[in-house]
Amino acid sequence: MQGLKRSRWTETYDLNEFAAKHGLTTRQAEIVIQSNGPSKRKCDLAAEAFRAALRQCSHSREKGARRSPSKEELQG
């Protein structure tokens, strides 16, 4: 059974290849690959979801998303 597991991991993406393909940093790519196992399909889908989340986050910031006031602002 271990031989099967090991062979699955040899079919995973190269970290730099995956990062370049999806426009991620190597650290982001590493997290996506480690979180989604050896499946290239799962990693591709996860990278798309990750990029969508990044776009949503930056879009919210551009629109001036409201943030909670700090303690100092509330006291002040």
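Just add 1308 to the spot in the sequence shown (first one is 1) and you have the working numbering.
All residues carry an ideal CB built from backbone N, CA and C; glycine is no exception.
S1343: member of the alpha helix (DSSP H) spanning T1334 to N1344, first to last residue. Nearest to T1320 by alpha-carbon distance, out of C1365, A1354 and S1347, is S1347. Residue state for S1368 is assigned as helix, using DSSP reduced to three classes. Counted as a single uninterrupted DSSP element, the alpha helix (DSSP H) harbouring E1325 occupies residues L1323 to H1330.
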